[in-house]
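Novice: Take the sequence shown: its letters are residues 183 to 476, numbered as in our numbering. Got a structure here, written out as structure tokens. Questions coming.
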Amino acid sequence: MIDFLLKSSICLLALLIFYHLVLEKEKMHQFNRFYLLFGIVFSFVLPFITIEIIAETIAPIQQPDLFVIQENLKAMEITETKETIDYTPIILWSLYGLVTSLLLFRYVRNILKIVSNIKSNLIVEYKNAKLVLLNEQTPPHTFLNYIFLNNADYQNRKIDEELYTHELIHVNQKHTFDVLIIETIKTIFWFNPIFIFYKKAIQLNHEFLADEKVVTAHDNIPFYQNLLLAHTNTNPTFALTSNLNYSITKKRFIMMTKTVSRTRILLSKIILFPLFSGLIYFICVESIAQTKSV
């Protein structure tokens, strides 16, 4: 188990560092979405793969030393008599089970709260989504094909068309499934902080995808950026939803005005081959010594 956790963590960290240093800076958001999800699956599968390389060595035959054999037998008898029960694994597994159960309870409770909001509020059909009109002040956010909005803002037509477009992208591209997958993994592997950064990268990439579509559809970047800034101080939403208020950072504003460089994108994808090859060699290849006696 320790070997699996160590190898998978090394792989996850290497792929995440490469993403932040190279891929995140390029306008290739659909590819990056696949890369982040594939990177998690790849890191989980790789530790179970072993590639053996046999290295032959020649050694002379040595006669057994009877004294050494007798001493080894005595040591084995002593260790057998001194065996005691080790409670450390029991304590660690009990602690893991307790924390995981609490996190699973919180995870399910958050989903039930979202379902309760859907059932207890007015729902309006909108294109291929459903608008859930809430009484409390909340920024627009999405869960599956439900878009949550403030009822008063909706009735008074205070919600701009760009915001509808933004949330519809989350619905059409099924971003909720990515969030549910990484949140489930995060709940099970709560002791590994790498998955916290993976979730942030995945959600920020979702915002890049939505921003790109809004800019293409409405072609008014300054107005859209002002809309994003206007929602930075609104109430937070559930961790399982895609929301407009996530990561209002300089990265999103820079990405909106960035030009596409096909050469850089191609080079970024080419570098992936030595990266994945190096990880496979480092984690999977084992040298097996095969001795020939003379």
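The beta carbon of each residue, even a glycine, is placed where N, CA and C say it ideally should be. Treat the numbers as computed from the prediction; the structure is a model and nothing was measured.
In angstroms with no decimal places, state the Cα-to-Cα distance between Thr-266 and Leu-188.
Specialist: The residue labelled residue 266 in the question sits at position 84 within the sequence shown. The residue labelled residue 188 in the question sits at position 6 within the sequence shown. Cα-Cα distance, rounded: 28 Å.
Novice: To which residues of the same chain is Asn-299 closer than 8 Å at the C-beta, ignoring the five residues directly before and after it?
Specialist: Taking the first residue of the sequence shown as 1, we reach residue 299 at position 117. Around Asn-299: Val-314, Leu-316, Phe-330.
Novice: Who does Thr-266 pair with in a DSSP beta bridge?
Specialist: Counting from 1 along the sequence shown, the entry for residue 266 is found at position 84. Beta-bridge pairing links Thr-266 to no other residue.
Novice: In three-state DSSP terms, what is Leu-316?
Specialist: Within the sequence shown, numbered from 1, the residue matching residue 316 stands at position 134. Correct three-state label for Leu-316: strand.
Novice: For Glu-468, does the three-state DSSP call read helix, strand or coil?
Specialist: Within the sequence shown, residue 468 is the residue found at index 286, counting from 1. Three-state result, Glu-468: strand.
Novice: Would Ala-392 be called buried (16 or more neighbouring beta carbons within 10 Å of its own) or exposed?
Specialist: On the sequence shown, residue 392 is found 210 positions in, with the first residue counted as 1. Ala-392 comes out buried.
Novice: Pairing CB atoms from the segment 372-385 with CB atoms from the segment 333-349, are three or more of them under 8 Å?
Specialist: With a cut-off of 8 Å, the segment 333-349 and the segment 372-385 do not count as touching, because too few Cβ pairs lie within range.
Novice: Could you tell me the distance, in whole angstroms, from the CA atom of Met-494 to the CA atom of Ile-370?
Specialist: Residue 494 is absent from the structure shown; the chain starts at 183 and stops at 476.
Novice: Give me the residue from Ile-293, Ile-351, Ile-384 with the minimum Cα distance to Val-361.
Specialist: As a working note, residue 361 is residue 179 in the sequence shown. The residue with the shortest Cα to Cα distance from Val-361 is Ile-384.
Novice: Just to confirm, is the Cβ distance from His-348 to Val-396 under 7 Å?
Specialist: Along the sequence shown, one-based indexing puts residue 348 at 166. Along the sequence shown, one-based indexing puts residue 396 at 214. Yes, the pair counts as a contact, with Cβ atoms nearer than the cut-off.
Novice: Determine the DSSP secondary structure at Leu-203, reduced to helix, strand or coil.
Specialist: Working through the sequence shown from its first residue, we reach residue 203 at position 21. Leu-203 falls in the helix class under three-state DSSP.
Novice: What distance in whole Å lies between the Cβ atoms of Asn-310 and Asn-332, which are believed to be in contact at a cut-off of 8 Å?
Specialist: Position 150 of the sequence shown, counted from the first residue, corresponds to residue 332. Position 128 of the sequence shown, counted from the first residue, corresponds to residue 310. Not quite, the Cβ-Cβ distance comes to about 22 Å (not below 8 Å), so this is no contact.
Novice: On the DSSP bridge list, what partners appear for Ala-311?
Specialist: The count along the sequence shown starts at 1 and reaches residue 311 at position 129. According to DSSP, Ala-311 bridges with Tyr-308.
Novice: For Lys-209, tell me which candidate among Arg-291, Tyr-463, Thr-445 has the shortest Cα-Cα distance.
Specialist: Start at 1 with the first residue of the sequence shown, and residue 209 comes out as number 27. For Lys-209, the nearest C-alpha among the options comes from Thr-445.
Novice: According to DSSP, what are the bridge partners of Leu-194?
Specialist: Translated into positions along the sequence shown, residue 194 becomes position 12. None, per the DSSP bridge assignment.
Novice: Skipping 5 residues on each side, what residues in its chain have a beta carbon closer than 6 Å to that of Val-306?
Specialist: Taking the first residue of the sequence shown as position 1, residue 306 is located at position 124. Cβ within range, chain order: Leu-313.
Novice: Given this structure, state the Cα-to-Cα distance separating Leu-350 from Lys-301, to the nearest angstrom.
Specialist: Stepping through the sequence shown from its first residue, residue 350 is reached at position 168. Stepping through the sequence shown from its first residue, residue 301 is reached at position 119. Straight-line Cα distance between these residues: approximately 21 Å.
Novice: Taking the beta carbon of Asn-214 as the centre, do at least 16 other beta carbons fall within 10 Å, making it buried, or is it exposed?
Specialist: Stepping through the sequence shown from its first residue, residue 214 is reached at position 32. Asn-214 is buried by the Cβ-count criterion.
Novice: When the Cβ atoms of the segment 184-200 are set against those of the segment 457-464, are three or more pairs found closer than 8 Å?
Specialist: Touching, yes, given that three or more Cβ pairs across the two stretches are closer than 8 Å.
Novice: Between the alpha carbons of Asn-374 and Lys-368, how many angstroms are there, rounded?
Specialist: On the sequence shown, position 192 is the one that residue 374 refers to. On the sequence shown, position 186 is the one that residue 368 refers to. Whole-angstrom Cα-Cα distance: 8 Å.
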